[in-house]
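K.L.:
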Amino acid sequence: YANIMMMNTLTCVLFLNPGGLLPPDMFTMSLMLKTTTFTMLFLWTRASYPRFRYDQLMHLLWKNFLPLTLALFLWHTTLPMTLSGLPPQ
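72 is the number that this note's numbering gives to position 68 of the sequence shown; each next residue is one higher, with no gaps.
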């Protein structure tokens, strides 16, 4: 659970600006409140859905995510080269 709390604290600091418009002495309270909210949301989501079996997870990765990742990689590498031959408008 310490890893979950640490990652949620980093998420709050990096993306949610715990200082904001509050006075500086409220920084700690705001950070704790946002971290606790994220942690409860994370644990609630984690407890609500069943875990994947290892073979199901490997099937999902090899059959779905890997081809999708390779297709997107090819798309993003070939699109700039394809469009570079077009004249500007």
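Cβ atoms here follow ideal geometry from the backbone N, Cα and C, with glycine treated the same way. Fair warning: this is a prediction, and the values are worked out from it, not measured in the lab.
(1) Where does residue 14 fall in DSSP's three states?
(2) Quick check on DSSP: helix, strand or coil for residue 60?
(3) Is it right to say residue 12 is buried, meaning 16 or more other beta carbons lie within 10 angstroms of its own, or is it exposed?
(4) Using three-state DSSP, classify residue 52 as helix, strand or coil.
(5) So residue 34 and residue 26 are in contact, right, with Cβ under 8 Å, and what is the actual spacing, rounded?
(6) Are the CB atoms of residue 38 and residue 20 nearer to each other than 8 Å?
(7) Is it the case that the Cβ atoms of residue 43 and residue 9 are separated by a distance below 8 Å?
P.N.:
Based on what the coordinates show:
(1) By one-based count along the sequence shown, residue 14 stands at place 10. If DSSP states are grouped into helix, strand and coil, residue 14 belongs with the helices.
(2) The count along the sequence shown starts at 1 and reaches residue 60 at position 56. Here residue 60 sits in helix by DSSP.
(3) For the purposes of this step, residue 12 is taken as residue 8 along the sequence shown, with counting starting at 1. Buried.
(4) The residue you call residue 52 lines up with position 48 of the sequence shown. Helix at residue 52.
(5) Locating residue 34 in the sequence shown gives position 30, counting from the first residue. Locating residue 26 in the sequence shown gives position 22, counting from the first residue. Indeed, because the Cβ distance is near 6 Å, the residues count as touching under 8 Å.
(6) Sequence index remark: in the sequence shown, residue 38 carries index 34 (1-based). Sequence index remark: in the sequence shown, residue 20 carries index 16 (1-based). Against a cut-off of 8 Å, the Cβ pair of residue 20 and residue 38 comes out as a contact.
(7) As a working mapping, residue 43 is identified with position 39 in the sequence shown. As a working mapping, residue 9 is identified with position 5 in the sequence shown. Yes, Cβ-Cβ distance for residue 43 and residue 9 is below 8 Å.
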